[in-house]
Each structure stands twice: as structure tokens, then as C-alpha cells.
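Engineer: For reference, the structure I am asking about is given below.
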Amino acid sequence: TNTPAVMQWLGGVLDDGGMEKQRARVENCAARLGHCFWAIERKADGEILGFCGLKRADAPGSSVAGAMEVGWRLREDAWGCGYAKEAAIASLDIGFGEFAADEIVALTVSGNTSSWGLMVRLGMRRRAELDYSDDRYDPPWRDAIVYSIDRPTWENAA
Numbered sequence: 002t003n004t005p006a007v008m009q010w011l012g013g014v015l016d017d018g019g020m021e022k023q024r025a026r027v028e029n030c031a032a033r034l035g036h037c038f039w040a041i042e043r044k045a046d047g048e049i050l051g052f053c054g055l056k057r058a059d060a061p062g063s064s065v066a067g068a069m070e071v072g073w074r075l076r077e078d079a080w081g082c083g084y085a086k087e088a089a090i091a092s093l094d095i096g097f098g099e100f101a102a103d104e105i106v107a108l109t110v111s112g113n114t115s116s117w118g119l120m121v122r123l124g125m126r127r128r129a130e131l132d133y134s135d136d137r138y139d140p141p142w143r144d145a146i147v148y149s150i151d152r153p154t155w156e157n158a159a
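Just so we're on the same page, the working numbering is the position in the sequence shown counted from 1, plus 1.
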């Protein structure tokens with residue numbers, strides 16, 4: 002999933018060092034929380050299409066630090082097939098069920114219309130008052146926009 006198209010809104014293509022840092026962050030998240038992102042596997046053939054899951058928001062300067070965060074990233078050939086939505090629904094179910102979250106957030110940048118479009122389709126609402134700048138990145142990746150959904154909204158939509 003480290004291609005120019007996939008990484009367009011995620012900070013750009015990672016070099017080997019960047020990929021190692023990302024892997025270490027995911028492993029650290031899983032070690033601390035007992036979970037992080039899970040592989041998305043196509044049922045028909047077992048092909049790994051990307052990942053989706055839950056973590057605690059932890060970007061420096063984040064307005065939602067510590068909140069339960071849902072996130073996803075899929076290979077370009079898996080876009081538009083419903084895999085991200087299916088995986089995000091399963092992750093939100095786990096977040097509100099097994100992990101008893103009161104609210105779950107999702108982060109992206111304004112240009113990533115596909116990602117925030119999925120957030121809207123999941124029933125999440127835009128939380129402009131929580132937007133923040135992530136100084137680890139340059140534009141267009143620096144300005145994070147926030148969506149969220151609370152437990153009652155999720156349960157009523159089910």
C-alpha cells in the first residue's frame with residue numbers, strides 16, 4: 002500500500018526508513034493496547050488488500066489525543082469495492098462493543114475526499130472545531146480534519 006496513489010494523502014511514499022518507523026509504531030500500538038490495525042483479507046482468495054483498525058489518537062499537537070481512532074488504508078486495486086466500509090464497520094462494532102468506547106474519531110486531510118466520504122457514509126459527522134495542524138508534515142498533509150461518531154448514533158444506525 003506504499004504507492005504514490007495510495008500515499009497521496011498520507012504523507013507521501015515512504016522510504017525504507019519511513020516504512021520501518023511505521024511498522025514499529027503499529028507494533029508498539031499493538032503491544033500497548035493489545036490491538037491496532039488488522040489486515041483486510043479478501044474472502045474469495047485470501048489476498049491481503051490493506052489494513053483497518055483501532056488505535057488511540059497520538060499525533061503530536063492533536064486535539065483528539067487519547068481518543069479511540071478508526072483508520073484504514075487499502076491497495077489501489079481494492080478501492081471502490083466496499084472493503085474499506087466493511088472493515089470500518091467491523092472495527093466500529095468492536096470499538097463500541099468489546100472496547101466500550103463512548104466516541105470514535107477518524108482523521109484525514111480535506112483533499113482526501115474518498116476517505117472523508119467513507120466517514121460520512123459510516124454516519125460520522127464533521128468536527129471542524131477539533132481540526133489541528135500536524136507539524137510532522139508539510140502541506141497538503143499537515144492540516145488534519147476530524148470526524149467522529151458517538152455510541153448512541155452508531156447503535157441507532159445499526
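Glycine included, each C-beta is placed from N, C-alpha and C at the ideal position.
When the Cα of I150 is compared with those of R143, Y133 and V71, which residue comes out closest?
Structural biologist: For I150, the closest alpha carbon among the candidates R143, Y133 and V71 is that of V71.
Engineer: Does the beta-carbon of V110 have 16 or more other beta-carbons within 10 angstroms, so that it is buried, or is it exposed?
Structural biologist: Buried: at least 16 other Cβ atoms inside 10 Å.
Engineer: Is M1 near A102, with beta carbons less than 9 Å apart?
Structural biologist: Shown here, the chain extends from 2 to 159; a query on residue 1 therefore has no answer.
Engineer: Count the other C-beta atoms from every protein chain shown that fall within 10 angstroms of the C-beta of K44, then say buried if there are 16 or more, exposed otherwise.
Structural biologist: exposed
Engineer: Hey, how far is the Cα of W142 from the Cα of G96?
Structural biologist: 26 Å
Engineer: Can you check the stretch 80-124 for any alpha helix (DSSP H) of at least 4 residues that lies completely inside it and give the ranges in chain order?
Structural biologist: Counting whole runs of 4 or more residues, the stretch 80-124 contains the alpha helix (DSSP H) stretches 84-97 and 114-122.
Engineer: Is it right to say M20 is buried, meaning 16 or more other beta carbons lie within 10 angstroms of its own, or is it exposed?
Structural biologist: Classification of M20: exposed, given that the 10 Å Cβ count is below 16.
Engineer: List the residues that DSSP assigns as beta-bridge partners of K22.
Structural biologist: Its beta-bridge partners do not exist; DSSP assigns none.
Engineer: Kindly confirm or deny that the stretch 70-89 and the stretch 130-137 touch, where touching means at least three C-beta pairs closer than 8 Å.
Structural biologist: no
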